[in-house]
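So the sequence shown is residues -18 to 48, counted in the working numbering.
All C-beta atoms, glycine included, are put in the ideal place defined by N, C-alpha and C.
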Amino acid sequence: TLKAKDELVPIYNNPDAASPVVAQLENGVLGTLKVCNGAWCRIAGNNFDGWIRQERLWGAYPNEKLD
């Protein structure tokens, strides 16, 4: 389980800030970590699925990798 550290955190289509934003994660909204590569995490929840900078999340340690 995870949640955003800030008010609105962009969720991207790919693990790249240049890719399209597919949603905005609001503070307090919970989601599930799918995978983390040390910089980005793929997350999913009610009506969202995409990539978010790992440093913007509660529930994922800095540089933590999750397969």
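{"Asked": "With which residues is R23 paired in a DSSP beta bridge?", "Found": "V16 and W32"}
{"Asked": "Since E7 sits in a beta bridge, which residues does DSSP pair it with?", "Found": "L(-11)"}
{"Asked": "For my contact list, V3 and I33 are in at a C-beta cut-off of 8 Å; report their separation, rounded to the angstrom.", "Found": "About 10 Å separates the two Cβ atoms, so there is no contact after all."}
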